[in-house]
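A short write-up of the structure that comes next.
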Amino acid sequence: MEKIKVGIVGLGRLGKVHAHNLKDKVANATLYAACSPVLEELEYAKNDLGVQVTYTDYEEMVKDEQLDAIFIVSPSGLHCSQIQLGLKHGKHVFSEKPIGLNIEEINETIQVINQYPNQKFMLGFMRRFDTDYMYAKELVDNGELGELTLVRCYGIDPSEGLESFVKFAGASNSGGLFADMSIHDIDLVRWFTGQEVSKVWAIGKNAAYKELDEVGELETGAAMLQLADNTMGILVAGRNCHHGYHVETELIGTKGMLRIAQVPEKNLVTIMNEHGVVRPTSQNFPERFSQAFINEANEFIDCILTDRQPSINAIDGLESTKVALACKESYEKNQLVTI
Ligand code: NAI
1 MEKIKVGIVG LGRLGKVHAH NLKDKVANAT LYAACSPVLE ELEYAKNDLG VQVTYTDYEE
61 MVKDEQLDAI FIVSPSGLHC SQIQLGLKHG KHVFSEKPIG LNIEEINETI QVINQYPNQK
121 FMLGFMRRFD TDYMYAKELV DNGELGELTL VRCYGIDPSE GLESFVKFAG ASNSGGLFAD
181 MSIHDIDLVR WFTGQEVSKV WAIGKNAAYK ELDEVGELET GAAMLQLADN TMGILVAGRN
241 CHHGYHVETE LIGTKGMLRI AQVPEKNLVT IMNEHGVVRP TSQNFPERFS QAFINEANEF
301 IDCILTDRQP SINAIDGLES TKVALACKES YEKNQLVTI
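Positions 1 to 339 (UniProt numbering) are the ones given, in order, by the sequence shown.
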């Protein structure tokens, strides 16, 4: 079978993870091109990833007729324009979350996506490809929990990533804590419940890292969500987790409840030593969702090869971003926001 030739834009924290997966772990893809304004990243692409062609200008890359598909892993504010350009030049497009940071631009992007129904578009909500989340979803869909009443989500990045985050946030707009971090949890709330969010109230606090004030970012934020059928959501997001990378989800229903990663365990090893009984924890997103990133890339390539539209689409991007931006507005105005 002819392999799908992929060009990647962005080779930062996550871009390198996707690039290595496309190179080694996605059997039906070949990583053919890379684009970045940073020359060292392009050297890395040639030397460490074996990429044949590199570009500093995205528009030049999408014009490359050798390419079938684009992987967008650039700063969030660039996603919409890059999705549109990729599609207009005949490519299938995978974009990292969030789909965009501005609702008008997202709606314009959806119109462009709809103009190219034969090309595939997929958004990177990789948790839906994590085997634990998939198992939980099957239980919920089979009615094991009864009717869902509440979904509680924690998404807290490791404190040790803070320095690189301040650099990331200083160099480009992350969209803020809710659009950058909670967006995954918002997607999970929508995915598990099948409902849209109607009201949000968000609060936040910066305490340990005052440098976040300087880049207009929040250290810890929380939000309460009300869904269309009165199901509740509670989101906790943060950037100051000292034990590693804490992603935890709880679902409460009329017949029972379940938790996914209530302790964010690294593996099944328990160490007993002078510190007591110690369970190592997952340290960062590439580690925790290593297989999910591979699974989602395989799914995107398979959708191209089998001519199917991916299940995670631009509407998921639009709706989750609406909720994230409503949380930001609620926090900034200190009031309940109706969506
Ligand atoms: P980063 O700042 O580490 O990397 C950004 C990359 O984009 C760099 O390679 C930079 O050179 C490149 N870039 C900057 N301006 C560009 C331009 N004009 N044209 C082309 N390339 C450009 O950022 P990071 O953390 O890798 O995030 C990238 C995207 O991935 C963001 O949208 C973020 O929200 C998303 N992300 C998703 C995660 C997930 O769990 N699914 C985890 C981390 C990030």
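A virtual CB, placed ideally from N, CA and C, is assigned to each residue, including glycine.
Source: prediction; values computed, not measured.
Asked	Found
Alpha carbon to alpha carbon, how far is Asp64 from Tyr209? Give it in angstroms, no decimals.	44 angstroms
Going by CA-CA distance only, name the one from Ile315, Ala169, Val337, Gln283 that's closest to Phe125.	Ile315
Look at the alpha carbon of Val140 and the alpha carbon of Thr249, and state the distance between them as a whole number of angstroms.	13 angstroms
Nearest to residue 341 by CA position, among Asn267, Val17, Lys97, is which residue?	In the structure displayed, the chain extends from 1 to 339; residue 341 sits before or after that span and is not available.
Decide if His79 is buried, meaning its Cβ has at least 16 other Cβ atoms within 10 Å, or exposed.	buried
Which residues does DSSP pair with Cys241 in a beta bridge?	Pro158
Is DSSP giving Val62 helix, strand or coil here?	helix
For Phe293, I'd like the list of residues in its chain whose CB is within less than 7 angstroms of its CB, leaving aside the five on either flank, ordered along the chain.	Val17, His18, Asn21, Met126
Identify the continuous beta strand (DSSP E) that holds Ile271 and give its terminal residues.	271 to 273
Output the distance between the C-alpha atoms of Glu41 and Gly50, rounded to the nearest integer angstrom.	12 angstroms
Is Tyr58 near the ligand NAI, in the sense that its beta carbon is under 8 angstroms from a heavy atom of that ligand?	yes
Just to confirm the assignment, what range does the beta strand (DSSP E) spanning Gly124 have?	121 to 124
Within a Cβ cutoff of 7 angstroms, which residues of the same chain sit near Gly15, ignoring the five residues on either side of it in sequence?	Ile8, Val73
In its own chain, which residues sit with a C-beta less than 6 angstroms from the C-beta of Val265, not counting the 5 before and 5 after it?	At residue 265 the sequence reads Glu, which differs from the Val that was named. Cβ within range, chain order: Arg279.
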